[in-house]
Amino acid sequence: MWNAIQEMAMRMLARARRAIPSGGDVTSRLPGRGVLAAAKRRWKRHVTERPDRYQAYVSFPTDGEQSGVGDVHDCIEDLEHVFEGRLDVYARTNGIAVVSDRVSAAQFDRDAFERAVARIEDYYAETHTVARLEKWRPGGDRLVKSFVIVPVKPLFPHESSEKAPRVRSAAE
1 MWNAIQEMAM RMLARARRAI PSGGDVTSRL PGRGVLAAAK RRWKRHVTER
51 PDRYQAYVSF PTDGEQSGVG DVHDCIEDLE HVFEGRLDVY ARTNGIAVVS
101 DRVSAAQFDR DAFERAVARI EDYYAETHTV ARLEKWRPGG DRLVKSFVIV
151 PVKPLFPHES SEKAPRVRSA AE
């Protein structure tokens, strides 16, 4: 037993000696450093549920049926207040995409963000279903909670089934 412990200690010491750079930072190359960072991220994600930063991607599809460009602008303005102006707005062929920078947890107002998402859901309630995804991602040495909000047009809208004439089968 004692010999096994000595062998393991000698192997770890040899590995640490190989990891030491000739003139650089010793702690950055020691084995096990990544394990500690991963454990810290998992603790923040699963136990405290408090990320260091927040980020969002929101898509605003446009089609000829909706004429509320002002409403989309108001939704973007709400998001701009939530992320304190740290937004990038992109024009796409099928709509507008809004991507926020990562903001610190102290600057992020979760209630205001939920109100902005509710406004987006209300705007697209008649024509789209709003898909929402929340994802935890490592961002360097920090933990980032990302939100993806995308209004998706349903494949079979409810209205079309009521208007479509019923086709009788040959068996009837």
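Those letters in the sequence shown? Residues 1 to 172, by the numbering used here. Cβ coordinates follow ideal geometry from the N, Cα and C atoms, glycine included. Since we're looking at a predicted model, the values are computed, not measured.
Where Asp-63 sits in the DSSP three-state scheme
coil
Only counting runs of 3 or more residues, tell me where the beta strand (DSSP E) segments fall wholly within the segment 78-124, in order along the chain.
87-92, 95-100
When burial is assigned at 16 or more other CB atoms within 10 Å of the CB, is Lys-135 buried or exposed?
exposed
Using the C-alpha atoms, what's the distance from Asp-63 back to Tyr-123?
Their backbone Cα atoms lie some 13 Å apart in a straight line.
According to DSSP, is Glu-126 part of a helix, a strand, or is it coil?
coil
Hey, Val-82 and Ala-116 are a contact pair by Cβ (cut 8 Å); roughly how many whole angstroms apart?
Indeed, because the Cβ distance is near 6 Å, the residues count as touching under 8 Å.
Using the DSSP secondary-structure output, state which residues sit across from Pro-154 in a beta bridge.
Pro-154 pairs with nothing; no bridge assigned.
Beta-carbon contacts of Pro-154 that lie in its chain and below 6 Å, excluding the five residues immediately before and after:
In chain order, Thr-129 place their CB closer than 6 Å to the CB of Pro-154, counting only its own chain and leaving out the 5 sequence neighbours on each side.
Alpha-carbon spacing of Val-69 relative to Arg-137, whole angstroms
33 Å
Whole-Å CB distance - Val-150 paired with Val-98, under 8 Å assumed:
That belief does not hold up - the Cβ atoms of Val-150 and Val-98 are roughly 11 Å apart, past 8 Å.
State the Cα-Cα distance for the pair Glu-114 and Leu-79, rounded to the nearest angstrom.
10 Å
Give me the DSSP bridge partner(s) of Val-72.
Val-72 pairs with nothing; no bridge assigned.
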